[in-house]
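Below is one structure, written out as structure tokens; comments come after it.
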Amino acid sequence: MAADVYKKKDGPNGSLAPTDGHQSERSESPTPGLTEGTEPGAGQEGAIFVHTKSYEDLTSTDNTELAPKSPGEREESQGDELKMEEISKDFSELSTQLTGIALDLEEEIRQNSEGNLELSPQASRRGSVLSGKEEEDITMEAWRMHQKHIFVLSEAGKPIYSRYGCEEALSTTMGVMMALVSFVEAEKNAIRSIHADGYKVVFVRKSPLVLVAVAQTRQSEQEIAQELLYIYYQIVSLLTLTQLNRIFQQKQNYDLRRLLAGSERITDNLVDLMARDPSFLMGAARCLPMAAGVRDVVGIPDLRHFIYKSKSSGLFTSPEIEAPYITEEEKERLLELYQFLHSRAHNSSRPLNNIYYTGSNENLLAWVTSAFELYVCFSPLGTKAAAVSAVNKLMKWIRKEEDRLFILTPQTY
Numbered sequence: 001m002a003a004d005v006y007k008k009k010d011g012p013n014g015s016l017a018p019t020d021g022h023q024s025e026r027s028e029s030p031t032p033g034l035t036e037g038t039e040p041g042a043g044q045e046g047a048i049f050v051h052t053k054s055y056e057d058l059t060s061t062d063n064t065e066l067a068p069k070s071p072g073e074r075e076e077s078q079g080d081e082l083k084m085e086e087i088s089k090d091f092s093e094l095s096t097q098l099t100g101i102a103l104d105l106e107e108e109i110r111q112n113s114e115g116n117l118e119l120s121p122q123a124s125r126r127g128s129v130l131s132g133k134e135e136e137d138i139t140m141e142a143w144r145m146h147q148k149h150i151f152v153l154s155e156a157g158k159p160i161y162s163r164y165g166c167e168e169a170l171s172t173t174m175g176v177m178m179a180l181v182s183f184v185e186a187e188k189n190a191i192r193s194i195h196a197d198g199y200k201v202v203f204v205r206k207s208p209l210v211l212v213a214v215a216q217t218r219q220s221e222q223e224i225a226q227e228l229l230y231i232y233y234q235i236v237s238l239l240t241l242t243q244l245n246r247i248f249q250q251k252q253n254y255d256l257r258r259l260l261a262g263s264e265r266i267t268d269n270l271v272d273l274m275a276r277d278p279s280f281l282m283g284a285a286r287c288l289p290m291a292a293g294v295r296d297v298v299g300i301p302d303l304r305h306f307i308y309k310s311k312s313s314g315l316f317t318s319p320e321i322e323a324p325y326i327t328e329e330e331k332e333r334l335l336e337l338y339q340f341l342h343s344r345a346h347n348s349s350r351p352l353n354n355i356y357y358t359g360s361n362e363n364l365l366a367w368v369t370s371a372f373e374l375y376v377c378f379s380p381l382g383t384k385a386a387a388v389s390a391v392n393k394l395m396k397w398i399r400k401e402e403d404r405l406f407i408l409t410p411q412t413y
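The sequence shown maps to residues 1 to 413 in UniProt numbering.
Given below as structure tokens:
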């Protein structure tokens, strides 16, 4: 998913090394006048982290696939498939990590159930998904009340994955989804999303799969589509794109669940992780989580939490979440507020550089420039003037501690 690759300078031994004197060119003032590459946490010229593509770039192939391709375009398409296979390898490591998490939680659930012990909140929640997914009745109101449903189906309308409920029971629903996609494509167009009654239905077509999300969250359709792409790459990492295409070329109505049997918990954990980890929202990597007590070190009494991202390095930093966001539900609610600010700041029709949001439980501020993004959560008792003053103080502290918070000079192997 890398879009922009920064040029690197060859060292004397042929290795990639950062440019000399880069640090001296960095601005010492964390003000809005900063340009990309001089903000706190900016990477050196040899930085290994790059930005992801925009939503428009990622979905542009949907329109081009509708028209016949020339020989040159077909060669480019084959090259894109090879790149996709390389990307899928990166997700293999994530798959292994998520599998380990799922197995550990299942073991904890089993041991606690045998000893009649109280389950931890995370294990209890995970256990309900692992044990109750097949038993959840899609006709019940509880199934409809889930904030976000995710479906994966083949181009023949065959169900492959559903976050909640049994795929077999959802075969008719997924058939209707595929009919919508096919109907719009028959008119030489592509369906992106449907907005109705507070719900967003987002479609991502990645032949031979179709991914659909039905969400009642504050996320924008671009953010939801990005999550669907992560799920697509997860599936590709398990099967490889070449194998996936070969299977459906030989048999269009093949039931892919046969090959993915047992891997549902990996996708389940990925979906749950995207609801808690801001790395997916920011499109950046976290170097090292800061202790929650860092708020006292900064010296801003009303500060509860913040996320700061350096655009040039593709890194972000934030403290651990603590009181009053103790439960998993409260942590997810905080991330949903960040998602809301992020979607407003990056709105394609009316992007905003500065947002101040006041709520009954907290106040939030978003500050987006060409060099960095900053999202801050304050106590609801603070004022807008105090928040602006606190942000300036926070930026100075990040500049002072950037060597400890970010990887400024990545190692080259």
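Each residue gets a CB set at the ideal place from its N, CA and C atoms; glycine is no exception.
Check                                                                                                 : Outcome
Beta-carbon proximity check, LEU337 vs PHE406, cutoff 7 Å                                             : no
Which residues DSSP lists as bridging SER310, in chain order                                          : LEU315 and PHE372
Own chain residues within Cβ distance below 7 Å of LYS384, not counting five before or after          : TYR356
Three-state secondary structure assigned by DSSP to LEU365                                            : strand
N- and C-terminal bounds of the alpha helix (DSSP H) containing TYR254                                : Where TYR254 is concerned, there is no enclosing alpha helix (DSSP H), given that its DSSP letter is neither H nor E.
7 Å Cβ cutoff met for LEU170 and ILE160                                                               : no
Reference VAL271; option with closest CA among LEU408, LEU244 and PHE151                              : PHE151
Per-residue DSSP class, three states only, for MET290                                                 : strand
Own chain residues within Cβ distance below 7 Å of ILE191, not counting five before or after          : LEU180, VAL181, VAL184 and PHE203
Beta-ladder partner(s) of SER162, from DSSP                                                           : PHE151
Under 7 Å between C-beta atoms of ILE326 and HIS305                                                   : no
DSSP-derived helix/strand/coil call for LYS188                                                        : coil
Proximity winner among LEU352, ASN353, TRP367 and SER379, relative to SER360 (alpha-carbon distances) : SER379
C-beta atoms of ILE398 and PRO40 nearer than 7 Å                                                      : yes
TRP367 versus ASN245 - alpha carbon distance                                                          : 43 Å
Beta-ladder partner(s) of ALA203, from DSSP                                                           : Inspection of the sequence shows that residue 203 is occupied by Phe rather than by Ala. In the DSSP output, where bridge partners are listed per residue, PHE203 has VAL212.
The region 275-286 / the region 246-265 touching (three or more Cβ pairs under 8 Å)                   : no
Secondary structure of LEU180, DSSP reduced to three states                                           : helix
Pairwise C-alpha distance: ASP403 and LEU211                                                          : 41 Å
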